[in-house]
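Since the structure comes first, as structure tokens, the remarks are kept for the end.
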Amino acid sequence: MSKVVSLTEIMAEIESGQTVMIGGFLAVGTPESFITGMLEKEVTNLKIIANETSYPDQGIGRLVAARQVDKVTVSHIGTNPETGKQFNSGKLEVELVPQGTLVERIRAAGAGLGGILTSVGIGTRVAEGKEVLEIEGEKYLLELPLEAEIALLKAWKADKKGNLVYRKAARNFNPIMATAASRVLVEVDELVEVGDIDPDQVHTPGNFVDKVYVRGESNE
Amino acid sequence: MSKVVSLTEIMAEIESGQTVMIGGFLAVGTPESFITGMLEKEVTNLKIIANETSYPDQGIGRLVAARQVDKVTVSHIGTNPETGKQFNSGKLEVELVPQGTLVERIRAAGAGLGGILTSVGIGTRVAEGKEVLEIEGEKYLLELPLEAEIALLKAWKADKKGNLVYRKAARNFNPIMATAASRVLVEVDELVEVGDIDPDQVHTPGNFVDKVYVRGESNE
Amino acid sequence: MNKEEKRKIIAKRVAQELEDGDVVNLGIGIPTKVADYIPAGIDITLHSENGFVGLGTAPEPGEEDENLINAGGEPVTINPGGAFMNSADSFVLVRGGHLDVTVLGTLQVDEQGNIANWMIPGKFVPGMGGAMDLIVGAKKVIVATEHTIKGEKPKILKECTLPLSGKGEVDLIVTEMAVIDVSDRGLILREYNPEFEIEYIKEMTEADLKVSTELAEMV
Amino acid sequence: MNKEEKRKIIAKRVAQELEDGDVVNLGIGIPTKVADYIPAGIDITLHSENGFVGLGTAPEPGEEDENLINAGGEPVTINPGGAFMNSADSFVLVRGGHLDVTVLGTLQVDEQGNIANWMIPGKFVPGMGGAMDLIVGAKKVIVATEHTIKGEKPKILKECTLPLSGKGEVDLIVTEMAVIDVSDRGLILREYNPEFEIEYIKEMTEADLKVSTELAEMV
Numbered sequence: 002m003s004k005v006v007s008l009t010e011i012m013a014e015i016e017s018g019q020t021v022m023i024g025g026f027l028a029v030g031t032p033e034s035f036i037t038g039m040l041e042k043e044v045t046n047l048k049i050i051a052n053e054t055s056y057p058d059q060g061i062g063r064l065v066a067a068r069q070v071d072k073v074t075v076s077h078i079g080t081n082p083e084t085g086k087q088f089n090s091g092k093l094e095v096e097l098v099p100q101g102t103l104v105e106r107i108r109a110a111g112a113g114l115g116g117i118l119t120s121v122g123i124g125t126r127v128a129e130g131k132e133v134l135e136i137e138g139e140k141y142l143l144e145l146p147l148e149a150e151i152a153l154l155k156a157w158k159a160d161k162k163g164n165l166v167y168r169k170a171a172r173n174f175n176p177i178m179a180t181a182a183s184r185v186l187v188e189v190d191e192l193v194e195v196g197d198i199d200p201d202q203v204h205t206p207g208n209f210v211d212k213v214y215v216r217g218e219s220n221e
Numbered sequence: 002m003s004k005v006v007s008l009t010e011i012m013a014e015i016e017s018g019q020t021v022m023i024g025g026f027l028a029v030g031t032p033e034s035f036i037t038g039m040l041e042k043e044v045t046n047l048k049i050i051a052n053e054t055s056y057p058d059q060g061i062g063r064l065v066a067a068r069q070v071d072k073v074t075v076s077h078i079g080t081n082p083e084t085g086k087q088f089n090s091g092k093l094e095v096e097l098v099p100q101g102t103l104v105e106r107i108r109a110a111g112a113g114l115g116g117i118l119t120s121v122g123i124g125t126r127v128a129e130g131k132e133v134l135e136i137e138g139e140k141y142l143l144e145l146p147l148e149a150e151i152a153l154l155k156a157w158k159a160d161k162k163g164n165l166v167y168r169k170a171a172r173n174f175n176p177i178m179a180t181a182a183s184r185v186l187v188e189v190d191e192l193v194e195v196g197d198i199d200p201d202q203v204h205t206p207g208n209f210v211d212k213v214y215v216r217g218e219s220n221e
Numbered sequence: 257m258n259k260e261e262k263r264k265i266i267a268k269r270v271a272q273e274l275e276d277g278d279v280v281n282l283g284i285g286i287p288t289k290v291a292d293y294i295p296a297g298i299d300i301t302l303h304s305e306n307g308f309v310g311l312g313t314a315p316e317p318g319e320e321d322e323n324l325i326n327a328g329g330e331p332v333t334i335n336p337g338g339a340f341m342n343s344a345d346s347f348v349l350v351r352g353g354h355l356d357v358t359v360l361g362t363l364q365v366d367e368q369g370n371i372a373n374w375m376i377p378g379k380f381v382p383g384m385g386g387a388m389d390l391i392v393g394a395k396k397v398i399v400a401t402e403h404t405i406k407g408e409k410p411k412i413l414k415e416c417t418l419p420l421s422g423k424g425e426v427d428l429i430v431t432e433m434a435v436i437d438v439s440d441r442g443l444i445l446r447e448y449n450p451e452f453e454i455e456y457i458k459e460m461t462e463a464d465l466k467v468s469t470e471l472a473e474m475v
Numbered sequence: 257m258n259k260e261e262k263r264k265i266i267a268k269r270v271a272q273e274l275e276d277g278d279v280v281n282l283g284i285g286i287p288t289k290v291a292d293y294i295p296a297g298i299d300i301t302l303h304s305e306n307g308f309v310g311l312g313t314a315p316e317p318g319e320e321d322e323n324l325i326n327a328g329g330e331p332v333t334i335n336p337g338g339a340f341m342n343s344a345d346s347f348v349l350v351r352g353g354h355l356d357v358t359v360l361g362t363l364q365v366d367e368q369g370n371i372a373n374w375m376i377p378g379k380f381v382p383g384m385g386g387a388m389d390l391i392v393g394a395k396k397v398i399v400a401t402e403h404t405i406k407g408e409k410p411k412i413l414k415e416c417t418l419p420l421s422g423k424g425e426v427d428l429i430v431t432e433m434a435v436i437d438v439s440d441r442g443l444i445l446r447e448y449n450p451e452f453e454i455e456y457i458k459e460m461t462e463a464d465l466k467v468s469t470e471l472a473e474m475v
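Below you can see the structure in the form of structure tokens.
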């Protein structure tokens with residue numbers, strides 16, 4: 002019943018063309034072993050949902066630089082010139098979403114909500130093509146859920162049931178993405194026994210997690 | 002700069018007629034000292050937002066039994082016959098909300114959202130009078146935010162900055178209500194020094210909390 | 257068959273519907289008893305909507321924890337590997353497709369899969385608690401109920417007369433007499449308790465009950 | 257006055273706007289420098305939108321923590337009493353009325369309080385990151401910016417020409433030349449840097465600049 006697997010087993014789930022959420026904020030909290038695995042497996046035409054596209058030599062940025070990505074749904078691309086270049090030449094589709102709206106749309110999918118109303122983006126290009134609702138004189142955008150086939154996450158500690166604890170600012174999008182994808186695959190620094198994590202201090206309950214890979218374990 | 006105060010200072014903030022959120026689930030996670038204080042102060046005409054009305058001799062139920070409440074917005078009243086009696090005789094207004102919708106409406110207020118869309122309640126009395134939106138063939142109720150003037154919460158540990166840690170099933174509505182009221186007043190079992198709580202294990206950051214009362218402290 | 261025997265038959269049969277790895281929420285009453293009959297060798301995670309997964313057995317007398325109750329207010333325990341969460345996250349789990357099965361009692365259920373279990377207007381208005389969320393959110397909704405009210409009045413109706421808790425959401429009905437699938441073609445009697453004649457079961461069911469071509473005895 | 261001097265004047269002046277107990281988010285660039293000038297004796301909590309409150313100073317060289325960066329990707333520290341949170345909760349804080357002040361740089365700002373700081377179509381499209389959320393969510397929006405582009409071209413306009421980040425949300429503009437209130441009556445020059453003539457400041461401002469009856473020198 003252990004959810005702990007090899008990197009090979011993780012990689013077997015990732016295919017070209019998938020919509021993939023990847024945790025992290027400027028590569029902090031990103032599962033770098035999974036990114037390396039995807040580079041080696043040469044999966045292509047990925048649609049990635051993440052906070053940003055990181056740097057060309059780190060995290061998600063490496064997949065962009067290797068031209069394995071068709072579309073990114075992110076809040077920022079400024080730290081990765083490669084993203085801008087591919088976007089300008091029409092090789093990469095970029096959907097820019099305000100950061101708070103982005104994570105709330107992911108949460109909405111994970112929470113089974115049909116959408117959320119936010120005033121962020123009203124009066125800007127973000128509102129283009131979106132339904133506007135007026136409630137008590139205030140205007141709100143209807144923002145729709147964002148879900149994925151796969152979530153690739155990074156945590157600090159896991160137990161064999163998949164309970165997760167994140168570390169410092171590496172938490173960021175990871176716990177929310179854990180709720181919003183059909184398959185949730187996690188890279189961790191450390192594996193502990195079931196019962197070692199205080200139930201009051203679990204950040205992501207194991208039932209949201211499908212597979213756990215312990216970083217640095219031999220790839221059996 | 003310490004947020005720790007006496008029960009008298011807490012009670013000075015609570016007035017008749019206020020809309021008050023009270024944490025807890027069947028009195029587990031409810032600030033009983035605050036309830037006792039409200040009974041003694043005899044504040045009346047309260048509008049209470051909570052999971053349920055507990056039992057007549059516990060938690061929120063005591064305020065109902067003492068007829069200090071005009072309206073409750075809750076998911077359940079079955080454990081407190083006094084609530085049902087006052088409701089049937091027209092002395093108490095009861096708004097029943099599905100539990101998940103209730104907490105999500107509170108969260109929406111705390112999160113600055115204009116509302117959320119949920120399919121819970123579609124085809125039932127809960128949908129009466131509410132706007133229904135259809136998105137990709139699926140029907141959703143538009144549920145609006147619920148906010149309060151005061152939130153009365155119970156935590157296990159606090160530091161002097163108001164960082165909170167909850168214990169076991171006493172967490173329930175407390176962390177969400179902490180985001181949705183103008184004033185957030187918390188009863189805790191234990192006070193620790195600033196820095197004693199690992200920043201990775203704070204459940205409610207101190208900036209959401211206005212005042213902390215340590216249960217059992219002399220009422221100075 | 258007394259009330260206790262009926263409840264045991266129902267709880268035992270519902271337990272067999274659970275599959276290894278399922279996350280399950282058990283309602284108050286008969287559904288709570290399902291936990292006692294989970295087949296050995298399968299790993300079920302019980303969810304308690306007041307904010308945790310890994311719900312365990314009742315504590316030994318004197319070992320109760322004042323901070324640890326189930327959604328019915330009873331003292332409980334949490335298993336190793338369990339996790340507490342706030343109520344918002346608890347219903348993220350319920351509504352977001354992360355709950356495999358919910359088992360609920362009911363006042364009425366009908367052949368369209370409608371369920372009414374939260375109020376009798378003018379008489380009894382406890383409220384829905386988390387039931388409406390569970391009914392909409394769970395992948396599979398199992399109604400665990402005595403077949404009739406006081407051995408006389410059908411609870412399984414052509415159409416619910418009480419205010420609904422959920423519309424078209426019920427997948428399976430388990431009673432002391434029968435296991436009934438709710439399908440597009442209506443109610444299908446999949447299994448029956450041989451202590452009852454099929455004609456009697458039909459009589460005690462207001463809804464039209466089609467007999468499955470693979471009808472079996474309840475075990 | 258070189259770029260570094262300008263930035264210092266701006267950051268120092270913005271810091272004086274902060275009040276004891278404020279929760280504050282500082283954007284990248286000049287706003288980040290505001291932290292260096294927070295007046296002694298007031299307690300400010302800095303929020304970092306990548307998921308924590310209690311943002312501290314830069315770590316000593318060699319003391320960097322790979323899991324602890326600010327929203328600009330720089331290594332930082334967290335103060336005692338700080339708290340980490342996930343990105344959803346981080347923006348609950350931002351949007352829900354829990355953030356007292358946000359300080360942001362900009363490309364353009366105008367006399368209606370509009371701000372444009374996320375893209376130059378066809379040229380430069382970094383994206384908005386968390387800026388749009390901060391602009392709508394913070395109780396007070398302070399724009400901290402050099403008064404002009406390269407000492408020549410006004411940034412404070414009658415109407416922004418670039419795509420907006422937020423509409424009518426800016427409360428205060430602080431530059432190396434001036435402190436300007438955004439009011440219902442338009443832009444009000446509240447303070448000026450005596451190194452610049454008021455006429456020159458007006459000239460370097462495309463928007464109409466009304467002089468406050470209580471005009472003071474920037475300190």
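Residue numbers (the working numbering), protein chains in the order written: chain Y, 2 to 221; chain L, 2 to 221; chain H, 257 to 475; chain F, 257 to 475. Backbone N, C-alpha and C define an ideal beta-carbon position, used for all residues, glycine too.
In the displayed model, Lys86(L) falls within a helix according to three-state DSSP. Gly378(H) and Ile23(L) have their C-alpha atoms some 28 Å from each other. Scanning Ile107(L), Leu97(L), Thr102(L), Arg168(L) for the CA closest to the CA of Glu191(L) turns up Arg168(L). No Cβ of chain H is located within less than 8 Å of the beta carbon of Asp211(Y). In the DSSP annotation of this structure, the continuous segment of the beta strand (DSSP E) that includes Tyr141(Y) starts and ends at 139-144.
Straight across, the Cα-Cα distance linking Thr74(L) with Leu97(L) is about 6 Å. Across the segment 100-134 of chain Y, CB contacts with chain H closer than 8 Å involve Arg108, Ala110, Gly111, Ala112, Gly113, Leu114, in sequence order along the chain. Contact between Gly310(F) and Asn326(F) is absent: CB atoms are separated by about 12 Å, not below the 8 Å threshold. Between Lys169(L) and chain H, the shortest Cβ-Cβ separation is below 8 Å. Sequence-ordered contacts of the segment 369-382 of chain H with chain L read Val381, Pro382 [C-beta pairs closer than 7 Å]. Contact of Ser76(L) with chain H by beta-carbon distance below 8 Å involves Gly383, Met384, Gly385, Gly386. Within the segment 170-202 of chain Y, contact with chain L at the beta-carbon level (separation under 7 Å) is assigned to Asp201, Gln202. For the set Tyr141(Y), Val166(Y), Ala179(Y), Val215(Y), the Cα lying nearest the Cα of Gln202(Y) is the one of Val166(Y). Counting only runs of 3+ residues, the beta strand (DSSP E) found wholly inside the segment 24-54 of chain Y occupies 47-50, in chain order. Within a 10 Å sphere around the beta-carbon of Ile298(H) sit fewer than 16 other beta-carbons, which makes this residue exposed. Remark: C-beta atoms of Thr288(H) and Gly312(H) do not approach each other more closely than 8 Å. Along the segment 19-49 of chain Y, none of the residues has a CB nearer than 8 Å to a CB of chain H.
Excluding the 5 residues flanking it on each side, Lys414(H) has same chain C-beta neighbours closer than 8 Å at Asp366, Glu367, Glu462, Ala463, Asp464, in chain order. Apart from sequence neighbours up to five positions away, the residues of its chain that approach Gly285(F) with a beta-carbon distance below 6 Å are Gly361, ordered along the chain.
Below 8 Å, enough C-beta pairs join the segment 370-390 of chain H and the segment 120-127 of chain L to call them touching: three or more. By DSSP's assignment, Thr313(H) forms no beta bridge with any residue. With a contact defined as Cβ atoms closer than 8 Å, Glu144(Y) and Arg108(Y) miss out at about 11 Å. Only exposed fits Arg441(F), as fewer than 16 other CB atoms lie within 10 angstroms of its CB. The count of Cβ pairs closer than 8 Å, one atom from the segment 55-62 of chain Y and one from the segment 14-28 of chain L, stays below three, leaving the stretches out of contact.
With the criterion set as a beta carbon lying under 9 Å from some beta carbon of chain F, the members of the segment 62-87 of chain Y are Val75, Ser76, His77, Ile78, Gly79, Thr80, Gly85, in sequence order. No Cβ-Cβ contact shorter than 8 Å links Met474(H) with Val438(H).
Under the 10 Å beta carbon count, Ser90(L) is surrounded by fewer than 16 other beta carbons and is classified as exposed.
Using a Cβ distance threshold of 8 Å, Leu418(H) and Met375(H) count as a contacting pair. Separation of Asp276(F) and His303(F) (C-alpha to C-alpha, rounded to the nearest whole angstrom) is 15 Å.
At a C-beta separation below 9 Å, Ala327(H) has no neighbours in chain Y, since its nearest C-beta there lies roughly 17 Å away. Taking all protein chains in view, the Cβ of Asn52(L) is crowded by 16 or more other Cβ atoms within 10 Å, so the residue is classified as buried. Look at the beta carbons and you see the segment 346-356 of chain F not touching the segment 174-194 of chain Y: under three pairs across the two are nearer than 8 Å. A direct Cα-Cα distance of roughly 35 Å separates Ala271(H) from Met12(Y).
Per DSSP, the unbroken beta strand (DSSP E) holding Ile334(H) starts and ends at 334-340. Of all residues in the segment 131-162 of chain Y, the ones placed with a Cβ closer than 8 Å to any Cβ belonging to chain L are Leu134, Ile136, Glu139, Tyr141, Leu143, Leu145, in chain order. Arg263(H) is outside the set of residues whose beta carbon lies under 8 Å from a beta carbon in chain Y.
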